[in-house]
Structures are given as C-alpha cells and as structure tokens.
Amino acid sequence: MKRLLFAVVLLCFSSLLFASLKAPERSTPGSVLSPYSYVQPFHAESYEKCMSAGTTTTKSMGFGNASQESSSKMDPEICSSMYWMGTNRSGVPLVEYASQGAKIVLFPSIFAGLLTCLFAIAGGLLRCMNIPFVDSVTQVFSEIVGALPRMVVIVICALLLPRELRGLLPLAILWSILSAPTAMDEAGAVAMRLGGARFVEALRAHGFGAFRIYLYHIVALNLRPVVVRQGAEVMMQVVFLELSLSYLAIVAESGSLTHSDDVRSWAELLHMGYAAVVVNEPSMHALMIGLSLIALIVVMATSLSTMARAR
Amino acid sequence: MSLLVELRNLRIDTHERTLVHNVNVDIRPQKVTALCGPSGSGKSLTARAIMGVLDVDPGIQEGSLRYPILDPQKDWFASVCKQGMSAQHELLEESRVLRGKYFTYSPQSASSALNPGRTIGRQLELAILRRDNPPEEMGKEIARILSEVDLRASVAGSLPSELSGGMAQRAALAIAVAPQPQLVIADEPETGLDPLLRRGVIELLVRVVRQNGAGLLLISHHEETVNRIADDVIRLPKGGGGHV
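Below is the structure:
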C-alpha cells in the first residue's frame, strides 16, 4: 500500500516537474484568425497524416514550441491536431497552459508545504518540551494569527505588493504562516496525546539521547502523519489559491496577482471551460484538462497524506 | 552483597520550596524495594534522581548517589549539588549509558512507556539490542519475553493503540525487562487499571523481575500492595524525606 501510494506521488510529482521544466518562458501569442482555433485533443488518424508530411519534429508536438514557420509547411488543419491537448480559440496550444500553470504553482506550493511542516514540527516539539513561557508565546501567536481571515489578508497583501514583486511565492509563504496555528495546534495535540514531557522523560529513562528522542521517536514516528498531512493540505491550498486569484484577475480583466502576464495559469483553462458550459462553445476539453490538473494535485496531496499514515 | 543503588541525604529544591529532603534509599539486588507516600511526597522525583533524569531548577542541593555494584567509589551527584540546571544536564548525558541497560523505567501509564508509532515487536527488539550479548534469533526471543508476560507472540505485530489497557501494561513490562537490567524502576504501574487487573499486573511484575534476577523499585501509594510484595519499604511523608 505504502509503495503504491509512493509511486502515485512520484508519478504526479514527476509529471508536474517535467511539465514545468518544459514550459516555455513566454506564452505563444495567439490570434483569432489562427487556423488552429478550437482544435480538439489529439486524434491518432490525423497525427499519422501529419507525420507522413515529414516536416515536423517531436519538439513541435507540444509544450508550445511549435513555430508558425514549421507548421506553415503542412496542412494546418491536420497538424494543429498534433497539439494533443488541443488549442484555444486563438490557436494557442492548451498544453502550454498546463505546463506554464505547473511552473507557476510547483515551487511555491512545495515551499509553502515544507514551511508548514516545519511549523507543525515546532508546535509538536514545543509541547513536548513543556516550557511555560514558550507555550504562552505560541498560544498568543496562534490566537492572533488564527483569528485573521486568511483570504482577506491574502488579497490585501497581493494588492499591496509592488508589481515587480508580485508572484505566488510571497503569497504562498503568507498562506503557510496563516495556516501555522492549525498545524501547530494539531501537532501539539498529538504530542499531548503521547504524554508530552512525560513521554520524553520515559524515552530518556530508556537511555535515548535528545536527538533520537525528538527527531526520531517524536517527529518521525509520531508526528509524521499529522506533519505530512498539514504540509500536503497547504500545498494543495496554495494551488487552489493561485487558481482562485488568477480566475479573479481574468474575470476582472486586470493583471494577474500571482504570475507575470507573459505566462498562463490553469485558471485560464477553467475560464475557457466556463464558456463551454455557459454558452456552449466547443472548448469543453479545456475544462476537462483544467479539472484533471486539479485532480492530479488532489490525488498527489491525498496519496502523500495516506502514505505518511500507512504502517 | 553490594547494593544496586545507594542514595544518601537527597535534597531537591525549586526556587520556591524544598521538594524532597533527607531521602535515603538502598536498593538490594533481586529484592523488591517500595517507595511509597502520598501524592506530592516526591516519589517520582526521587526515582528520577536515581536515574539521573532531573529538570528541576535549581535542583539537587545535597546528597550522594552511588551504584555500588558498578563502582562503589563514584558519587554521581558530586559535581551536581548546588550547580543548577547545566550540571543536571551533564549528569543526564553522563548517566545515559546506564539507562535502558543497568536500570530500566516503566512510567505511570503504559501510554507513556510505549511508542505509539512503533509495533511492540520493534520496541522489544530495540530493548533487547541493549543487552551486552543480544541473541541471534530475535523473533524467538521476542516471543519468549511476550509469553513471559502472558502475551501472545502475535502481539509483536501490533501497535500500542491496538492493545487493551492491561495488555499495554504487560507490553510495557516486557520492554522494561527485555534488556535484562539489574534494576527495574516501576512508577505506579497500577495507575488507570481496575482493582482486579491491578493485582494481576503487580504480581506479574514481581514474578517477571524475579525470574530475570533483577531488583525492583516500586513506586506506589497503595499501602496494601506495598505491604504484600515489598522486601524493603521507604516511606516518604508529605513534603518529602524518608528512610528504609
């Protein structure tokens, strides 16, 4: 079970990493006059026809590296289907949205997840150390930060950040700090269930050193499930945060709060999908791709949490 | 025969008050020594002092601690008295080699003695590995120790949360005797158990410790239990202080 979940996590993570590494620096400029408009996802038949034209390379198959020059040598109707996720109305391949979206969220979400893990570990260990002054400070921090409305704080900070500093990373760090009280409380509760200082004392009496007691017996053996779950949840939440802020920016037709305007987010896939649902435009596959990417993140986070809990 | 522990004239203070004073404890090999007294009399604190695990500020003010069977001359408190927390931390580090090997400790509740994140078998294995000559067939030895405390061998694969209170207590006892220590310190092992189970656990504790040739320091406030099983009794009055 544990191995299976590990394989799932590894697969999801590698897909996102691969996609973000292959993502072009800037998005392909689209045109409403493009012959690729609303191309549906890849069909094997048309792909074969295109390959038989012999003018294309693997490089041009996806990740937005196809140039107008190379495709002009082929039948555009056929070769456009090589964009195996299809294109949007302007002829921009959707794979570009997927890869650039992965690049936007991957590092900040992982960083925020790791930061939350550290907060949770600190919360658990501080409870085991039983230092009244530190407990009081932690309590005050938890009460103040825990009472803040997260989304409001995030939106205000996103708007206050200078344009050149805008990005997902500062917001992800802020989200992680706002999530810290929950993570610390939960890890602290686990530490208290262990017996807190009494558990440490019992381990000392067994002859274990401080490093082994705190890092191995408490963190690795007992706090691990809650620490990993909190980290995975925050990682997932940061992705949702990016989606919601980007979606908000698209709807408001303003500049993005989480990434530069040169790159595209997964939120744009969802926005295209919205058009498919509401006005019946033939872009339902964009919605499917967007939802699949979100599902990928959810599966990865859930598998990670379950893996940490599994014996 | 040399004593296992010789504690003399122990006094431990906080900044506000004296927790224990003038406590003398002699523990003989293969005998049951009971440390009894009302709540707050310093029973657990005295036991922790015997193990060198203290985190009271300023802590030990007077006293000497010897393990005559190991080294009759060495006074473990010589450099600790009136030296505060840092000296106690040094003592904690210095005496680490003895804990889990020369003496083992079974805390008040089994939930604190057992690590919830590890199976009983793995915890027993770690305890057995503390012996000078660990057996080659670990599985058999684990099964033997479990049967000694009336547990099935299949318990080795269980996590502590999967055991009942009585089973957890017996598993904690198995872990305490597994390293074949000279002395087992049991801190109110009957806590949280119903009267029938309590009697059974105490009797099992005494039987297993005697079978393993170890001494037992039993901390308890049940007079009846103490009078029934102890060879030596140390009574601490409220506020600490007592003799054999």
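Line by line, the protein sequences give chains A and B. Counted the way this note's numbering counts, the first sequence spans residues 39 to 349. Counted the way this note's numbering counts, the second sequence spans residues 3 to 246. By construction, the Cβ of each residue, glycine as well, lies at the ideal position given by its N, Cα and C atoms. This one's a predicted model, so the numbers in the text were calculated from it and none came from an experiment.
Here the alpha carbons of Gly247/A and Arg236/A stand approximately 15 Å from one another. For the set Leu42/A, Ser147/A, Ser284/A, the Cα lying nearest the Cα of Leu55/A is the one of Ser147/A. Remark: C-beta atoms of Leu153/A and Ser214/A approach each other more closely than 8 Å. Secondary structure remark: continuous alpha helix (DSSP H) runs of at least 4 residues inside the stretch 139-212 of chain A, in chain order: 170-184, 188-198. Annotated three-state conformation of Val25/B is strand, per DSSP.
In this structure the stretch 55-72 of chain B does not lie against the stretch 108-116 of chain B, because fewer than three pairs of beta carbons, one per stretch, are closer than 8 Å. Beta bridge pairing from DSSP links Pro60/B with Thr16/B. Apart from sequence neighbours up to five positions away, no residue of its chain approaches Ala227/A with a beta-carbon distance below 7 Å. Taking 8 Å as the cut-off, the beta carbon of Leu185/B is found closer than this to the beta carbon of Leu6/B.
Using beta-carbon distances, Pro137/B does not count as an interface residue toward chain A, since no partner is under 8 Å. Shortest Cα-Cα distance from Gly65/B to any of Ala49/B, Cys83/B, Leu21/B involves Cys83/B. Against chain B, the CB of Ala346/A has no partner CB under 8 Å away; the residue lies outside that interface.
One alpha carbon belongs to Leu308/A, the other to Ser298/A, and they sit about 18 Å apart.
The contact set of Glu239/A on chain B, defined by CB atoms closer than 9 Å, consists of Arg50, Val55, Asp57, Tyr107, Pro109, Ser114 in chain order.
Its chain contains Ala270, Glu271, Met273, Met274 as the residues whose beta carbon lies nearer than 8 Å to that of Ala339/A, once the 5 sequence neighbours on both sides are disregarded; these appear in chain order.
Assigned with DSSP and collapsed to three states, Ala36/B falls in strand. For Thr125/A, the three-state secondary structure derived from DSSP is strand. In summary, Pro219/A is buried, with 16 or more beta-carbon neighbours lying within 10 Å of its beta-carbon over all protein chains present. Where Ala61/A is concerned, there is no enclosing alpha helix (DSSP H), because DSSP gives it neither an H nor an E. Identification of chain B residues near Leu232/A by a Cβ-Cβ cut-off of 7 Å yields Pro118, ordered along the chain.
Taking all protein chains in view, the Cβ of Met169/B is crowded by 16 or more other Cβ atoms within 10 Å, so the residue is classified as buried. Annotation: Ser43/B to Pro191/B spans about 17 Å, alpha carbon to alpha carbon. Rounded to whole angstroms, the Cβ separation of Gly245/A and Gly86/B is 24 Å, and the two are not in contact under 8 Å. Shown in chain order are the members of the stretch 257-268 of chain A whose Cβ falls below 7 Å from a Cβ of chain B: Leu259, Asn260. Between Ala136/A and Ala185/A, the gap from beta carbon to beta carbon reaches 8 Å or more. In this model, Ser303/A and Gln177/A are separated by some 38 Å (Cα to Cα).
DSSP places Ala270/A inside the alpha helix (DSSP H), whose first and last residues are 262-289. Exposure of Phe171/A is indicated by the presence of fewer than 16 other C-beta atoms within 10 angstroms of its C-beta. Beyond the five residues adjoining it in sequence on each side, Leu212/A comes within less than 8 Å, by CB distance, of Val191, Ile192, Cys195 in the same chain, given in chain order. Taking each of Arg132/B, Leu206/B, Leu128/B in turn and checking the Cα distance to Val99/B, the smallest one comes out for Arg132/B.
In summary, Gly217/B is buried, with 16 or more beta-carbon neighbours lying within 10 Å of its beta-carbon over all protein chains present. Leu94/B belongs to the set of residues whose beta carbon lies under 8 Å from a beta carbon in chain A.
Here Gly123/B is buried: its Cβ has 16 or more other Cβ atoms, across all protein chains shown, within 10 Å. Taking the Cα of Ala180/B as reference, the smallest distance to any Cα among His223/B, Ser156/B, Asn135/B, Asp28/B is reached at Asn135/B. Nearest CB-CB separation between Gly226/A and chain B: not below the 8 Å threshold. Residue environment: Arg154/B is assigned as exposed (fewer than 16 neighbouring CB atoms within 10 Å of its CB, all protein chains considered).
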